Amino acid sequence: MTHPPRASWLLAGLAAAVAAAAACAGQPHRSPPAFEPKGQTKCALTKSQQRPLIVEWPSADRLDLEAQARKGILVVRYEGCEMEVLRACQVTGAYRYAATTRQDDRVHIRDEDALYANIPVYAAKFEGALKSAGELTVAMSMVGRYEATRTGLRRSDLVGECSRATHVITSLTAGAFEFYSGAEQGKSAGVDVLGVGAGAKTSSVHTTLNRAGKPEACDKASVRDSEPPDGCGALLRVEVAALEPAAPVALSVPPTVGGTASTPACALGSAWDGTRCAPVRGDQFCAPGMEWSGNGCGIPWRAGGSGDGCPQGTSFDSKTKNCTVGGGASCPQGTRFEEGRGCMAGPALPQSAPSPAPRCPAGMAGVSGGAFRGSTSVMMVLPFCMDTTEVTVDAYKACVEARKCTADNLGCDGEYARWANYGVAYRGNHPVNCVSWTQAVQYCAAQGKRLPAAHEWEWAARSGLEARKYPWGDSAPSSSNLCFGSKPTPPGTCAVGSFRGDTSVYAIHDLGGNVSEWISNVSGGWQYARGGAWNGRDSDFEVEHETSHWTGNKPDRYPYIGFRCVQTAGR
260 MTHPPRASWL
270 LAGLAAAVAA
280 AAACAGQPHR
290 SPPAFEPKGQ
300 TKCALTKSQQ
310 RPLIVEWPSA
320 DRLDLEAQAR
330 KGILVVRYEG
340 CEMEVLRACQ
350 VTGAYRYAAT
360 TRQDDRVHIR
370 DEDALYANIP
380 VYAAKFEGAL
390 KSAGELTVAM
400 SMVGRYEATR
410 TGLRRSDLVG
420 ECSRATHVIT
430 SLTAGAFEFY
440 SGAEQGKSAG
450 VDVLGVGAGA
460 KTSSVHTTLN
470 RAGKPEACDK
480 ASVRDSEPPD
490 GCGALLRVEV
500 AALEPAAPVA
510 LSVPPTVGGT
520 ASTPACALGS
530 AWDGTRCAPV
540 RGDQFCAPGM
550 EWSGNGCGIP
560 WRAGGSGDGC
570 PQGTSFDSKT
580 KNCTVGGGAS
590 CPQGTRFEEG
600 RGCMAGPALP
610 QSAPSPAPRC
620 PAGMAGVSGG
630 AFRGSTSVMM
640 VLPFCMDTTE
650 VTVDAYKACV
660 EARKCTADNL
670 GCDGEYARWA
680 NYGVAYRGNH
690 PVNCVSWTQA
700 VQYCAAQGKR
710 LPAAHEWEWA
720 ARSGLEARKY
730 PWGDSAPSSS
740 NLCFGSKPTP
750 PGTCAVGSFR
760 GDTSVYAIHD
770 LGGNVSEWIS
780 NVSGGWQYAR
790 GGAWNGRDSD
800 FEVEHETSHW
810 TGNKPDRYPY
820 IGFRCVQTAG
830 R
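Following the working numbering, the numbering of the sequence shown begins with 260 at its first residue and continues without gaps.
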């Protein structure tokens, strides 16, 4: 699972994400000079400047930048020698640390071209130091990189005030460095500045301009590290990528199931009736050879096949409650046989083909496909991606501000009102609740996603073939490992993902507690939710638990129901 960058490396290394605070000539970007500063003509964004060093950035803005980096991938305005982090512009994603073999290096800056190529943001500030000393040097020990979990981002991926956005920061190199002026005498490859190299010493007189990190701490670095060693997490370099143009959008709502240029796409379980997405019978979505069970598309139990109801060529495992495959299964038309998984929708593949969890966008976890026996049929699950947490108040608010979601009537009435999260400042990272099924569908569609079907939700909650009784395992529910009962105090929702005990094998959080979750299934006038909630009973947390809600009920919003989204693998 992806975690936000640690404060230690942010504090030790990122200098002035608000490089907005100074233009090339050291002038505040908020009041740009009317004239072109000296050196500005050298600030055209070249290939080398797509990976600028940031060792010259002042430390005053590091704490300010830390708060921004914790929220996800950094979106910037990067023009000429100016780089400004756009605080009000956001994109889903984070940085994941990738350790590398320690590498020691030096960058020698002997003329203005090299100065602007390597440290463009504050190059003008150091022109005098370069002229006086004749040389500037950066000595570095690099131990790893923080890499963005998403690449190829488009403008349409951004949310908020993003009109000035030009680039995203895709990686940040970590380690230790010293930035100094003055030429070294008799230097060799083994020069021992900042502990970089270990050979002949040099006789040098230089002035330290900036430094961060401890070289001895970098000695502890390993390629197996999940984060830099303490004292060796300073940021040395960033890599930026230009935003791609927004993808053309033909629909008023991002497509999920169906949809044409004139007909908006609707969530699974509904279809466009000319005025709205209306509930429909689910059987029209099933592939040949499969039938709708009210829970999803599955293979009907066969009499005379293998008395337990599993497809021919499979047998029922009472321990895992799965139809296990020993080979030679006879699959219905429109499905294929996969070793260890059974009949899967799609064309035939070699039986030896692997079936790993799919690669998914940031903030989502890959769930591998498989088969399990539901109440009336053998359920077939194709690989999909699921949000790792329930949709938060902040995320829903961003969608509202982007005018892709509605806040109309968002909240609960009567005695339920006190538990509504939307609009409560300190609950921004709590799940959005008191939200209707329709609003949940709209939000997911705006993200290019959809609500999960019942069989997808259950498969993720039971951890696939592990067939867990509860999302976290088979141990009884406890307020110490999930959000319910006496925690939090007073009762109510919790920050998403704050109870790590409530985690499935796919690293998906809060499928047990916090809030129940809307699913896409509808039947007549009924809508359904899965999972337990902060006010639930022990039996509510079992993965097979389901609640139904009549669409005519008013209000149709509840303080114990929220939602999360899924995406078909490969979308």
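Even for Gly, the Cβ is constructed at its ideal location relative to N, Cα and C.
Here the structure is a predicted model, which means the values were calculated and not measured.
- With a contact defined as Cβ atoms closer than 8 angstroms, Ala720 and Leu770 qualify at about 4 angstroms.
- A residue is called buried when at least 16 other Cβ atoms come within 10 angstroms of its Cβ; Lys390 does not meet this threshold and is exposed.
- By the criterion of at least three beta-carbon pairs nearer than 8 angstroms, the stretch 399-419 is in contact with the stretch 343-359.
- Spanning the alpha carbons of Ala754 and Arg336 requires a straight line of approximately 31 angstroms.
- Taking 4 residues as the minimum length, the alpha helix (DSSP H) runs contained wholly in the stretch 318-390 are 321-328, 371-377, in order along the chain.
- The straight-line gap separating the alpha-carbon atoms of Ile778 and Cys644 is approximately 15 angstroms.
- For Asp646, the enclosing beta strand (DSSP E) begins and ends at 643-646.
- About 6 angstroms separates the beta carbon of Gly625 from that of Arg618, a gap short enough to meet the 8 angstroms contact definition.
- DSSP places Arg496 within a strand segment (E or B) once states are collapsed to three.
- Where Val802 is concerned, there is no enclosing alpha helix (DSSP H), because DSSP gives it neither an H nor an E.
- Scanning its chain for C-beta atoms nearer than 6 angstroms, with the 5 sequence neighbours on each side dropped, one finds around Thr827 the residues Phe643, in chain order.
- Each residue's CA atom was taken as its position, placing Ala383 and Trp716 some 56 angstroms apart.
- Asp646 is the residue among Asn469, Ala666, Asp646, Arg470 whose C-alpha sits nearest the C-alpha of Cys703.
- A buried status is given to Ser775, since no fewer than 16 other beta-carbon atoms sit within 10 Å of its beta-carbon.
- Annotation: Cys664 to Val397 spans about 49 angstroms, alpha carbon to alpha carbon.
- By alpha-carbon distance to Ala319, the top candidate from Gln706, Asn469, Cys693 is Asn469.
- As the crow flies, the alpha-carbon of Tyr729 is around 6 angstroms from that of Phe800.
- A residue is called buried once 16 or more other Cβ atoms fall within 10 Å of its Cβ, and Gly821 is buried on that count.
- Inter-residue distance for Gln362 and Met623 is about 33 angstroms (C-alpha atoms, whole angstroms).
- Sequence-distant partners of Val499 (beyond 5 residues in either direction) whose C-beta falls short of 6 angstroms from its own C-beta, in its chain, are Gln309, Tyr337, His426, Ile428.
- Across the structure, Val314 and Ala471 are spaced so that their CA atoms are roughly 8 angstroms apart.
- Ala679 and Gln698 have their C-alpha atoms spaced approximately 15 angstroms apart.
- Looking from the CA of Pro818, the closest CA among Phe743, Gly670, Gly756, Asp797 belongs to Gly670.
- If you ignore the 5 residues before and after Lys473, its C-beta comes within less than 8 angstroms of the C-beta of Ala435, Gly490, Cys491, all in its own chain and listed in chain order.
- Secondary structure in the stretch 619-698: the alpha helix (DSSP H) runs of 4 residues or longer, each lying completely within the stretch, are 652-660 in chain order.
- When the Cα atoms are used, Glu341 and Leu417 turn out to be separated by approximately 21 angstroms.
- In the three-state DSSP reduction, Tyr702 falls in the helix class (H, G or I).
- Under the 10 Å beta carbon count, Val683 is surrounded by fewer than 16 other beta carbons and is classified as exposed.
- For Glu715, no beta strand (DSSP E) run applies; the uninterrupted alpha helix (DSSP H) run containing it begins and ends at 713-720, by DSSP.
- About 17 angstroms separates the CB atoms of Leu431 and Val366; that is not less than 8 angstroms, and the two are not in contact.
- Counting only residues of its own chain and dropping the five nearest sequence neighbours on each side, Gly772 has a CB closer than 6 angstroms to the CB of Leu741, Cys742, Phe743, Asp761, Gly791.
- Taking every protein chain shown into account, the CB of Gly393 has fewer than 16 other CB atoms within 10 angstroms, so this residue is exposed.
- Excluding sequence positions up to five before and after Ala666, its CB lies within less than 6 angstroms of the CB of Val659, all in the same chain and listed in chain order.
- Under the DSSP definition of a beta bridge, Ser430 partners with Glu406, Glu498.
- Put simply, of Asp372, Ile368, Ser400, Val334 the residue whose alpha carbon is nearest the alpha carbon of Ala358 is Ser400.
- Annotation: Trp731 to Val764 spans about 8 angstroms, alpha carbon to alpha carbon.
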